[in-house]
Amino acid sequence: MVLRILLAPRLCVITAMALLSGCAFHADASRPPAFQHTISTDAKPWSHNRFDNGAEKFTFAIFSDLNGGERERVFEIAVAQLSLLRPELILSVGDLIDGDAEDRAELDAQWNSFDARAAGSIAPVFHVGGNHDLTSLTMRDLWVQRYGRRYYHFIYRNVLFLVLDSEDYGEERMQEIYRARAAALKVLDSDTPERAEEMEYFRMPERMTGEIGTVQSEYFQAVIAQHRDVRWTLMFMHKPVWQRDDEPDFAAIEGALSDRPYTLFNGHLHSYSHVEKNGRDYITLGTTGGGQYGDMSFDHVTLVTMTDAGPSIANLKLEGILDKTGHVPLAGDDLCFQVTKCPPGTAGE
Numbered sequence: 005m006v007l008r009i010l011l012a013p014r015l016c017v018i019t020a021m022a023l024l025s026g027c028a029f030h031a032d033a034s035r036p037p038a039f040q041h042t043i044s045t046d047a048k049p050w051s052h053n054r055f056d057n058g059a060e061k062f063t064f065a066i067f068s069d070l071n072g073g074e075r076e077r078v079f080e081i082a083v084a085q086l087s088l089l090r091p092e093l094i095l096s097v098g099d100l101i102d103g104d105a106e107d108r109a110e111l112d113a114q115w116n117s118f119d120a121r122a123a124g125s126i127a128p129v130f131h132v133g134g135n136h137d138l139t140s141l142t143m144r145d146l147w148v149q150r151y152g153r154r155y156y157h158f159i160y161r162n163v164l165f166l167v168l169d170s171e172d173y174g175e176e177r178m179q180e181i182y183r184a185r186a187a188a189l190k191v192l193d194s195d196t197p198e199r200a201e202e203m204e205y206f207r208m209p210e211r212m213t214g215e216i217g218t219v220q221s222e223y224f225q226a227v228i229a230q231h232r233d234v235r236w237t238l239m240f241m242h243k244p245v246w247q248r249d250d251e252p253d254f255a256a257i258e259g260a261l262s263d264r265p266y267t268l269f270n271g272h273l274h275s276y277s278h279v280e281k282n283g284r285d286y287i288t289l290g291t292t293g294g295g296q297y298g299d300m301s302f303d304h305v306t307l308v309t310m311t312d313a314g315p316s317i318a319n320l321k322l323e324g325i326l327d328k329t330g331h332v333p334l335a336g337d338d339l340c341f342q343v344t345k346c347p348p349g350t351a352g353e
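Using my numbering, the first residue of the sequence shown is number 5, and each one after it goes up by one.
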């Protein structure tokens, strides 16, 4: 899918009459200046009038894993908060449903639930697939049926967005991973969950870092080559494939981006971290309703403002996004959004 939204300046149409009379390039006279005042003295009660309102500036948001132990109400509150923040578009980093099923009717019901809740957002929500969404061939087929592409790109205001599928295994390997994962989940739900780490799934490198296939890699290399003049490139994926040393196909994508600025976002680990790799920001997001496991695990959304100098990135914890009444939307004041700091019974289910 290619979504190109270009904001073109008003152009003076050159006609034969314009060539004779001259063509003046000026602001729309019917639109008043953005900043107006009646103060005529040299001294003025403001610091300067260089407003941060460049024509190429825009803001988008990202939410992180809401599954992998989803806690009730958190995602719905985050959607309401995102509508207060009014980003132009919203990205995800995967694990949008619980998955873990082969029954298509059950999976459809899970997707219907997610789509209905995401539809509460004013801005469009762009899907990124995670292991809960794409672990099996059945889940992959259903994704394609409902949403088309598992990996894709689009351009918005001359910024290139790359959406990757980090569950991009061959069919045989995908079945092996799914069977091993299902066996491990049974042990986790048993009376001896500590034995799960002895299972085959916990020895698979794909469990933590996923994989990018050759065909997908070639697709993104071609996209990158085709769009050399974009002002920034942003990558979104679920698992941190970039942490895997023996993954040549993703390394090839990084190589194709080596001569341009880019920023990478992923999820999966449910714990926030930031590192610099190749001189670029690689950011692992926390949660937006998913299970939490450590001090850097907290519910948040990420607000990114694209400027001429690159992205300005702000992480907003959900407990700090209040509506005009001074409260968390949807009566969310009773919830705690960081499990390690929550009194019993306040972190959702």
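Note that the Cβ used here is the ideal one computed from N, Cα and C, for glycine as well. Please read these numbers as outputs of a predicted model, since none were measured by experiment.
- Going by C-alpha positions, alanine 47 is about 41 Å away from valine 305.
- Judged by DSSP secondary structure, methionine 178 falls outside any beta strand (DSSP E) and instead within the alpha helix (DSSP H) spanning 175 to 192.
- Alanine 109 is classed as exposed because its beta carbon has fewer than 16 other beta carbons within 10 Å across all chains shown.
- Burial state of lysine 345 is exposed, judged by a 10 Å Cβ sphere holding fewer than 16 other Cβ atoms.
- Restricting attention to Ile317, Ala229, Arg121, the CA atom closest to the CA of threonine 267 is found in Ile317.
- Note: histidine 304 is bridge-paired with Lys321 in the DSSP secondary-structure output.
- The shortest C-alpha to C-alpha distance from glycine 294 to any of Asn71, Lys321, Arg150 is the one to Asn71.
- For the pair of segments examined, the region 317 to 334 was found to touch the region 87 to 94: the number of CB pairs separated by less than 8 Å reaches three.
- Under the Cβ criterion (8 Å, minimum of three pairs), the region 41 to 56 does not count as touching the region 75 to 85.
- Counting only residues of its own chain and dropping the five nearest sequence neighbours on each side, methionine 300 has a CB closer than 7 Å to the CB of Ser275, Tyr276, Ser277, Gly290.
- Annotated three-state conformation of lysine 281 is strand, per DSSP.
- A straight line joining the alpha-carbon of tyrosine 151 with that of valine 78 spans about 24 Å.
- The region 212 to 223 and the region 236 to 253 touch, with no fewer than 3 CB-CB distances between them shorter than 8 Å.
- Shortest Cα-Cα distance from phenylalanine 269 to any of Phe165, Asp145, Leu322 involves Phe165.
- When the five nearest sequence neighbours on each side are left out, the beta carbons in the same chain lying within less than 6 Å of the beta carbon of methionine 239 are those of Leu166, Leu268, in order along the chain.
- Secondary structure note for alanine 47: it is in no alpha helix (DSSP H), with a DSSP letter that is neither H nor E.
- Around methionine 178, the same chain offers Thr139, Ser140, Leu141, Arg144, Glu171 as residues with beta carbons nearer than 8 Å, after the five sequence neighbours per side are excluded.
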